[in-house]
Amino acid sequence: MKRFFAFVRKEFHHVFRDPKTMLLLFGVPVAQILLFGFALTNEIKNAHIIITDNAQDIASKQIAAKLAANTNFITHQKQLNPQQIEETFRQGKVKLVVIFPPNFNHDLLHLQKAQVQIIADASDPNTANTLTTYATAIIMDYQKQLWQNTNLPLSIHTDMRMIYNPELKGITNFVPGVMALVLMLICVLMTSVSIVREKELGTMEVLLVSPFNAVLVVISKAVPYFFLSLVNLTVILLLSVLVMGMPVAGSWVLLYAISALFILTALSLGLLISNVTNSQQTAMLISLMGMLLPTLIFTGFMFPIENMPLPLQVMSNIFPSKWYYIIVKNVMIKGLGFTAIWKETLILLTATLLLMTISIAKFKTRLA
Amino acid sequence: MRALKFLLQKEFRQIFRNTTILRVILIMPVIQLIIMPLAADYEIKNINISVVDHDHSAYSRQLTDKILAPGYFKLNDYGTSYPNAFGQFQKDRSDLILEIPAQFEKTLVKENQANLFMAVNAINGVKALVGSAYLNRIIADFNAQIRANWIPNPQTGTLPQIEIATLNRFNPTLNYPFFMVPGILVVLVTMVGVYMCSLNIVKEKEVGTIEQINVTPIKKYHFILGKLIPFWVIGMFVFSLGLFGVARLLYLIVPTGSLVALYGFLAVYLVAVLGIGLLISTYSANQQQAMSLAFFCMMIFMLMSGLFTPINSMPNWAQVIAKLNPVTYFIEVTRMIVLKGSSFAHIQQQLLVISAMAVFFNTWAIWNYRKTS
Amino acid sequence: MSNPQAVIWADKLSKHFGEFVAVNQISFSVQKGEIFGFLGANGAGKTTAMRMLCGLLLPTSGSAAIAGYDVYTQTEQIKQNIGYMSQRFSLYEDLTVAENIRFFGGIYGLPDKQLKLKTDELLHTLQLHTEAKTLVSALPLGWKQKLAFSVAILHEPAIVFLDEPTGGVDPITRRQFWDLIYAAAQQGITLFVTTHYMDEAEYCNRICMLVDGEIKALDTPANLKKQHQAQTMDDVFYHLARTAKRTAD
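Quick look at the structure:
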């Protein structure tokens, strides 16, 4: 056991002596939390739109003023013909053009009907759709004002309550996602690389011929990353509680226990990668190229999994980060107990055992 | 110049010899480009709803049918117990609960007004907003329909109505992959460039062969060019593979703008990206360090590039970071040229910025490379 | 004893890293065709001294010339005239034997015709003809080092620097390696060798002992043994190295 701790200590030294590795271990989670918390949002704000007002009458001006007052829009008044609109979109800055026809107010009052045209740059369909919806709502609101005097019969009224995240903050959704993403990537990356590195430099042989169980050598490489990942987790949680003002609704103990399990899953995957590769470059490229985007997308926190085509929904199941994300959401945000997450926990546990078994089996045959 | 020839020969031999890495940098981007855009879809559909119906009237059933008709909503459960429905909610099986109170129909007819209750799972704020807006629209339609049935000659006919005609340019069907493919392609090409370039140079340091090179009469700039040119070629190749192989054949995206402008920009962009890779390698003693730095940079580049979330929605300080990010410009330019048919004239400003970045990163890298050896 | 006409010539050459004096005012000269041994414990400053002479590291003070070229100003000319083989293996493992020869010959500017000729000659001498298309990583260590040495003298340099060239090699292969070194010396190439192995020290024409960055002894192996009344070079080394204050690494 004394030897085992000596090995573990050696690994800690490797990590702590190197500021660049520390940057990866702690810089990445901190940067992610801060970016997701303060910089990134799915909402569409500050969009530049152009109002082409061919009417210049009271109604068009009132609607234009309403559009300008909305914080989602930055409005510019400009008379554009269709070709100019096309050209403006090509330059990339303007996302939407609202066009009032001549005699807008006149038609509205006398013909009871007038048309507004909205042209969107739909190369980004999400922005186009959202901005069109915003603009439509504002124009409809104006129409409602015109109707105000009339009292409508038979009104259905809807009370609405937003649960779990009443202020609709993006971070509520992002924190569990970032936890899954960061723990997954860093654990896999660090374990696989640190083992392959020893193989490549030839020091692995030295360790393996030492009077010391080979499996223990590998485990001793994983232990420091296990603890560092727990520290990492603590950093993320403290940031989200103290800086983002997002409390942990459920049990801290449960959250840590499940996180420890998830870290084990990721470490086992790292072990497996290290056993099937023999150069650092390959291990890194597989972990970096192969995992960053897929983990980001298939964890489900940026893009809802139920939106994906069925084969991809099925595929998302093999990403342990997806299950961990569901667990964290349940425990941390909804405050649920173990009964709500036992299924996901079982999946993680099975995955861990499976990955461990495969990598140990592979490891033995490699030595023989 | 002769030395450069031998260096290039050596680099290409080494790259083509390592089939594992070659496969990783060629096949992985292609597979990801095939799969990712299908998964990266912000369009909100398939919202699961629980209906709690205490009324069991004709109206409550009509309303339920109307909600399910357009296909946005999928009925998860229909019952009379709110706690049951909330259980489904907790398990994430439903995103929305609509509660129809007892006597809903009667109250509406008698008192001209009735209430519904809606609970929305707001963990994903955007989804909550869009979902509740859809539901409200459907309820409003239902309301209008009932009104029309009760009052055959509604006075709404005489009220002024504003009609809104919407036109979606460049992508009339609001096809999401159309937007994501160019962006993801740019990120993948950037990853190949930064990772390959930085890891490859550091590997020579770690193994010790760079020392051998340093005592030979090879000029430093020959050595650097010998490294940059192969990865520049690979970057060009991977981009073309993605653009013509995956985007064109699979997603049927035909670049509508000037290909010359696109490739001109790509050429300069790759120099900038490889400069970053080179810079990372000069600050690292071994591959693990290079990987740490490269991953950190790549993560920030990707998140702050406007790939998934709009840059205009970021706070000012974050927009500054996005503007210092080379990936931002190439994503913007690729989307402009491929989707909107922009030409050289439209991307001049971006080209200028990326050229400045290429000069900046390479100068810094070479300056630091000199200093350390 | 410094002679500006010598192939390697150093006068009060020093290198400081901040407060630390890695090499302290060393002076010596090496004649053409000589095998010059550079001995010292780990951390004695051998590698630092050698890197200065190769033009890899700028000296802090003192002067030195290699093949008549100044180490401060004429590093490019120095590089053209030296060969170098380091303790860390210096060939590309993922290139074949022939490709390595071609690459290193090529960057020293050998014309194509000569390159081909030299390659054949070298493969013949080393009896590696059948292995021309083998990856270097697949060769046994001894062969790798013989190959690395041969590649280092491919461009017929005036001087070859060998930094612990025989580390980790069995005694027989080491003997064969020294045969190559003698053959090179016969051709008039000057050899500058650092080593740990005291039996190897016996093979050198002259030896320089470095202790804590300073030269503690410089003479032929026979004279050194006589001076220190020792039977073997091992004893000489032990006697001198005992005075060291620096710990290895």
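Chains as they are written, first to last, in this note's numbering: chain A, 1 to 368; chain B, 1001 to 1373; chain C, 2001 to 2249.
Using N, Cα and C, we set each Cβ at its ideal position, and we do this for glycine too.
query: Mind checking if E1163 of chain B is an interface residue toward chain A, Cβ cutoff 7 Å exclusive?; result: yes
query: Which same chain residues, not among the five before or five after I174 of chain A, have their C-beta less than 6 Å away from its C-beta?; result: For clarity, residue 174 of chain A is Phe in the given sequence; the question names Ile instead. Counting only Cβ-Cβ distances below 6 Å, and skipping sequence neighbours, we find F36.
query: By Cβ distance, which residues of its chain are closer than 7 Å to K1203 of chain B, with the 5 residues on each side in sequence left out?; result: Q1287
query: Does any residue of chain B have a CB that is nearer than 7 Å to the CB of K221 of chain A?; result: no
query: Measure how close the beta-carbons of F1274 of chain B and F1231 of chain B come, nearest whole angstrom, since I'm counting them as under 8 Å.; result: At residue 1274 of chain B the sequence reads Leu, which differs from the Phe that was named. Going by Cβ atoms, the distance from L1274 of chain B to F1231 of chain B rounds to 6 Å, so yes, they are a contact pair.
query: Quick one: what's got a C-beta closer than 8 Å to F16 of chain A's C-beta in the same chain, skipping five residues either side?; result: M22
query: Measure the beta-carbon distance from E306 of chain A to I327 of chain A and round it to whole angstroms, keeping in mind my assumption that it falls under 8 Å.; result: That pair is no contact at about 18 Å.
query: I want to verify the contact list: residues of chain C whose CB lies under 8 Å from the CB of K1010 of chain B, in sequence order.; result: Y2092, L2095, E2099 and F2103
query: E1332 of chain B versus chain A: which residues are under 9 Å apart at the beta carbon?; result: G92
query: Which chain B residues are close to E2076 of chain C, counting only those with a beta carbon under 7 Å from its beta carbon?; result: P1217
query: Excluding five sequence neighbours on each side, which residues of the same chain lie with their C-beta closer than 7 Å to the C-beta of G335 of chain A?; result: A249 and G250
query: Please decide whether L2154 of chain C counts as near chain B, where near means a Cβ-Cβ distance under 7 Å.; result: no
query: Show which residues of chain C have a CB atom less than 8 Å away from the CB atom of N1214 of chain B.; result: L2056
query: By the three-class DSSP mapping on this structure, what secondary structure does A2241 of chain C have?; result: helix
query: In terms of residues, what are the limits of the beta strand (DSSP E) holding S1050 of chain B?; result: I1047 to D1053
query: From which residue to which residue does the beta strand (DSSP E) around D53 of chain A run?; result: A47 to D53
query: Based on the DSSP output, what are the partners of A1398 of chain B in its beta bridges?; result: Because residue 1398 of chain B is not part of the residues shown, which for chain B are 1001 to 1373, the question remains open.
query: Under 6 Å Cβ to Cβ from K78 of chain A, same chain only, skipping five residues before and after it: list those, please.; result: I50
query: Where does F1028 of chain B fall in DSSP's three states?; result: The amino acid at residue 1028 of chain B is misidentified as Phe; the sequence shows Met. Looking at M1028 of chain B - three-state DSSP - the assignment turns out to be helix.
query: If you reduce the DSSP assignment to three classes, tell me which class G2018 of chain C lands in.; result: coil
query: Determine the chain C residues that contact F1231 of chain B at a beta-carbon separation under 8 Å, and present them in chain order.; result: By Cβ distance, chain C contributes nothing, its closest Cβ being about 16 Å from F1231 of chain B, past 8 Å.
query: Would you mind giving the Cβ-Cβ distance between R1013 of chain B and L2095 of chain C, rounded to the nearest angstrom? I have them listed as a contact below 8 Å.; result: 6 Å
query: Drop a sphere of 10 angstroms on the beta-carbon of D2112 of chain C, count the other beta-carbons inside from all chains shown, and report buried for 16 or more, exposed for fewer.; result: exposed
query: By a C-beta neighbour count over all protein chains shown, 10 Å radius and 16 as the cutoff for buried, is H1346 of chain B buried or exposed?; result: buried
query: Residue range of the alpha helix (DSSP H) that D1077 of chain B falls in?; result: Where D1077 of chain B is concerned, there is no enclosing alpha helix (DSSP H), although the beta strand (DSSP E) it sits in stretches over F1073 to G1079.
query: What three-state label does DSSP hand A2248 of chain C in the structure shown?; result: Note that A2248 of chain C scores 47 on pLDDT, short of 50, meaning its location in the model is unreliable; the coordinates nonetheless yield the value given after this. DSSP places A2248 of chain C in coil when its eight states are reduced to three.
query: Could you name the residues of the region 101–124 of chain A whose beta carbon sits closer than 7 Å to any beta carbon of chain B, in the order they occur along the chain?; result: L108, L109, Q112, K113, A114, Q115, V116, Q117, I118, I119, A120, D121, A122, S123 and D124
query: As a quick exercise: from C:L2154, C:N2081, C:N2100 and C:R2051, pick the residue whose alpha carbon is nearest that of E2131 of chain C.; result: C:N2100
query: Count the other C-beta atoms from every protein chain shown that fall within 10 angstroms of the C-beta of M2001 of chain C, then say buried if there are 16 or more, exposed otherwise.; result: Note that M2001 of chain C has pLDDT 42, beneath the 50 cutoff, so the model's placement of it is unreliable and the number below is only indicative. Per the 10 Å Cβ criterion, exposed.
query: Do K2015 of chain C and A2006 of chain C have their beta-carbon atoms positioned less than 7 Å apart in this structure?; result: no
query: Are there 16 or more other CB atoms within 10 angstroms of the CB of H2188 of chain C, so buried, or fewer, so exposed?; result: Looking at the sequence provided, one finds Gly at residue 2188 of chain C rather than His. Exposed.
query: Tell me which residue opens and which closes the beta strand (DSSP E) that Y2084 of chain C is part of.; result: I2082 to M2085
query: Once you ignore the five residues that flank T1190 of chain B on each side, which residues in its own chain have a CB closer than 6 Å to its CB?; result: V1273 and V1327
query: Pull up the distance between the alpha-carbon of N1200 of chain B and that of R2242 of chain C, whole angstroms please.; result: 43 Å
query: Rounding to the nearest angstrom, what Cα-Cα distance links L133 of chain A and H13 of chain A in this structure?; result: Checking the displayed sequence, the identity of residue 133 of chain A turns out to be Thr instead of Leu. Whole-angstrom Cα-Cα distance: 56 Å.
query: Looking at C-alpha atoms only, which residue of A:M284, A:L293 and A:P294 is the closest neighbour of A1294 of chain B?; result: A:M284
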